[in-house]
Structures are given as structure tokens and as C-alpha cells.
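In this text, residue positions in the sequence shown follow the numbering used here: the first is 79, and each later residue adds one. For each residue, glycine too, the CB sits at the ideal point set by N, CA and C. Reading through the C-alpha cells given below for one structure.
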Amino acid sequence: MASTVADRVAALLNRAVLGVAAVGGGSFGKTYRIQFFTGGAAFVKTLDHAAKVAGPGYFDAEAAGLRWLREAVGEDGASGGVRVPEVLGVAEDILVTSWIAPGRPTPDGAEEFGRRLASLHARGAHSFGAEWPGYIAVLPLDNGGDEDWATFYVERRVLPYVRLARDRGHLDAEGAQVIEEVCTRIDFLAGEEERPSRIHGDAWSGNILWDGRGEGWFIDPAAHGGHRETDLAMLALFPPPYLDRIIASYDEVHPLADGWQERVPLHQLHPLLVHAALYGSDYGVRAASVARELAERLR
């Protein structure tokens, strides 16, 4: 497999490959570190039977998201949004990005990450959604645009995964009903309207790569124009180290709206439903429980 990956990268980038080392793998594909004859390294992701596992355009969507997030970093990378690896090449079954040497998070790095996350969100987006079809994990993500966040969130982030989780037997009818009821009254829970933010869209701790300086980089995005509280809620659901420092430094740069913490469960409905569809009924139970708590607020 390593020789195949080397050949694919060499052809895609028109660069001779010196060596390949496997660095990880999972249910859907594998990852590698590529060393070039001319020096330097790259990170490679492959997806087994890409079109069958995820669908056409899976890596194209990830590449588009990385490039879009990278626009907010600035040319020198010294200021602006969260750092993001550079896309070096992409094809249907492979994605090649710059290599980021891994390290460990530090308190100072977490604070810098919070400031950069605030700057990324403040960069904004033209609308809720994106110009490319999206994915979250290997599930299609509807990036069709909407002018208001409540409509976008209900129609493109919650209800499709209610149906999918229910159809897969991972969310019972009662749980689906209470989530759907919350959706009908989301305007009472969503808070004041905010303009679309440029968000990662799947900002759990595993999608933050801490480099050798202890600073955080975003990887594996489901990027789109969304609500900035969505990224913060995902961080809270699967938290990275020093989350309190991330939030505090974020708030200094881009102050959060009143009541944002009360809205965290609302923003967590989407990732919980995605996890229910992918990983089973335990997450379906959690999503329904969150919806019941939200429904209580409406009574």
C-alpha cells in the first residue's frame, strides 16, 4: 500500500517521493507522512473506496473548507484566524496537505488558539452555508444557503440527521418527535440574530492539531458560514485541554452574546445526531435528552 501511496502522491504533485510512513488509520481510510527527495514532508489521507464510503467529492469538500478557513489566517500566518494546513493536492481518493509536526497543547498556546478562533469567526461569511457540497465525517452535509440561522440550522443541520438516525434505528420515535417539536420553536431558543461566521463546523478536540510550539491548528473541517456558538458548543461537547483559557481569550477578542452558555445544548443537537447516525443509539438517547431539556424551557 505504501508504494501505491507514494506513486499516487508523486503523480499528483509531480514530485519524487523518498519515503512513506503510516501514521494512523480508522474505519474509513489511512494516513501517511510522505518525505520528498527535494526535502520537506507532507501529510496524506486516503479513503478506502471513497465514492462508496462517503460519496463523490468527499476530499474536494475537505480541501475547499481548508482553503476557505486558511483565507482568514493572513499571508504571514502571524495574525488572523486559526492556522490551517495548506492543501498541496487533492483527488477523489486522496488528499495531500502540508505536514505539521505534532506536539502538545500549552496554556499559552490555548490562549492563542482562542484569540485566533475569535478572529476566524469575525472574518465572516456571505451567508449561512457554503458554495460547495459538504461532509461531516463521511455523511453528506447540506450547505445550501439560508439568510437566517434558525432556518438553516433546523432544515440543514438537525432534521436531516433526525431522519437518518431514526431510519438506522439509532433514535426512537419519541426522541425524534421531541427534537422536531423543539425545531418548530427554535426562534425562542436561538438568541439574538448574528451575521454568519466563518466556522470549522466540526470543532471537537480531535480536529485540533497541537504543533511543536503547543499552538493549535484546525484539521478535518466541515467548514461553512454558520453561528459562531456552534464551534464553541462542539468544543464543549468533546473538550480540548485548557478549554477555559480558550474561551476566556476568545471573549476578549470577540465578546460573546449574553446567554451563550444557555444555548450550548441547542448547538450540540446537530453533532449528537450525527454521532447517533454513525455510532449508535447511545448518542440518540443523549440527543433526545438534550431536546427534552430545551423543551422544558419553552413551557
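inquiry  = Could you check whether the segment 186 to 205 touches the segment 323 to 337, counting it as contact only if at least three pairs of C-beta atoms, one from each stretch, sit closer than 8 Å?
reply    = Output reads yes: the segment 323 to 337 touches the segment 186 to 205.
task = Go to Arg194, then tell me how far its alpha helix (DSSP H) extends in each direction, as first and last residue.
result = Per DSSP, Arg194 belongs to the alpha helix (DSSP H) from Pro185 to Arg201.
Beta-carbon proximity list for Ala129, same chain, < 6 Å, skipping 5 on both sides = Confidence in Ala129 is poor, its pLDDT being 49 and thus under 50, which makes the residue's placement unreliable; the coordinate value appears in the next sentence. Cβ-Cβ distances below 6 Å link Ala129 to nothing in the same chain once the five nearest sequence neighbours on each side are left out.
task = Just grab the DSSP bridge partners of Gly303 for me.
result = In the DSSP output, where bridge partners are listed per residue, Gly303 has Gly207 and Arg276.
message = Going by beta-carbon coordinates alone, are Tyr110 and Val122 separated by less than 8 Å?
response = One thing to note: Tyr110 has its Cβ within 8 Å of the Cβ of Val122.
inquiry  = With distance defined between alpha-carbon atoms, name the residue in Ala120, Val368 and Leu91 nearest to Ala99.
reply    = Comparing Cα positions, the closest option is Ala120.
inquiry  = Buried or exposed, going by whether 16 or more other CB atoms sit within 10 Å of the CB of Leu376?
reply    = Taking all protein chains in view, the Cβ of Leu376 is surrounded by fewer than 16 other Cβ atoms within 10 Å, so the residue is classified as exposed.
query = Would you say the beta carbon of Ala141 comes nearer than 7 Å to a heavy atom of the ligand NAD?
reply = Ligands displayed in this structure: none; no statement on the ligand NAD is therefore possible.
ask   = Which same chain residues, not among the five before or five after His20, have their C-beta less than 6 Å away from its C-beta?
value = The structure shown does not extend to residue 20, since the chain is modelled only from 79 to 377, so the question has no answer here.
inquiry  = If I measure Cβ to Cβ from Val260 and keep anything under 6 Å in the same chain, skipping five residues before and after, which residues do I get?
reply    = Residues Ala369, Leu372 and Ala373 of the same chain have their beta carbon placed closer than 6 Å to that of Val260, with the five preceding and five following residues left out of the count.
task = Find out if the Cβ-Cβ distance for the pair Ala355, Tyr239 is shorter than 8 Å.
result = Between Ala355 and Tyr239, the gap from beta carbon to beta carbon is short of 8 Å.
task = My understanding is that Glu140 touches Leu90, with C-beta atoms under 8 Å, so please give their C-beta distance in whole angstroms.
result = Separation of the CB atoms of Glu140 and Leu90 is rounded to 15 Å, and the pair is thereby denied contact status at 8 Å.
ask   = What does a CB cutoff of less than 7 Å around Pro333 pick up in its chain, not counting 5 residues either side in sequence?
value = Contacts found: none.
request  = Run the CB neighbour count on Asp226, radius 10 Å, all protein chains shown included, and call it buried at 16 or more, exposed below.
outcome  = Around the beta carbon of Asp226, a 10 Å sphere encloses fewer than 16 other beta carbons of the protein chains shown; the residue is thus reported as exposed.
ask   = What whole-angstrom Cβ distance do Gly143 and Ala300 have, given they're in contact under 8 Å?
value = The Cβ separation is near 7 Å, so the contact holds.
query = Expressed to the nearest angstrom, what Euclidean distance is found between the alpha-carbon atoms of Ile286 and Pro180?
reply = Near 10 Å, if we compare the C-alpha coordinates of Pro180 and Ile286.
inquiry  = Can you give me the C-alpha to C-alpha distance between Pro134 and Glu170, rounded to a whole angstrom?
reply    = Roughly 7 Å between the two C-alpha positions.
ask   = Leaving out five residues before and five after Thr184 in sequence, what residues of the same chain have Cβ atoms less than 6 Å from its Cβ?
value = Only Gly292 meet the Cβ criterion.
key: Endpoints, alpha helix (DSSP H) assigned at Pro349   = Pro349: member of the alpha helix (DSSP H) spanning Val342 to Tyr357, first to last residue.
request  = Let me know the secondary structure DSSP gives Asp336 once reduced to three states.
outcome  = Here Asp336 sits in coil by DSSP.
message = Once the 5 residues before and after Val256 are set aside, which same chain residues still bring their CB inside 8 Å of it?
response = Cβ neighbours of Val256 beyond the five flanking positions: Ala366, Ala369, Arg370 and Ala373.
request  = Locate the alpha helix (DSSP H) running through Gly143, then write down its first and last residues.
outcome  = DSSP places Gly143 in the uninterrupted alpha helix (DSSP H) bounded by Tyr136 to Arg148.
Span of the alpha helix (DSSP H), counted from its first residue to its last, around Val256 = Counting along the chain, the alpha helix (DSSP H) containing Val256 begins and ends at Ala251 to Thr262.
inquiry  = According to DSSP, Pro180 sits in a beta bridge with which residue or residues?
reply    = Partner(s): Asp289.
ask   = Exposed or buried, which one is Gly337 when buried takes at least 16 other CB atoms within 10 Å?
value = Exposed, since its Cβ has fewer than 16 Cβ neighbours within 10 Å.
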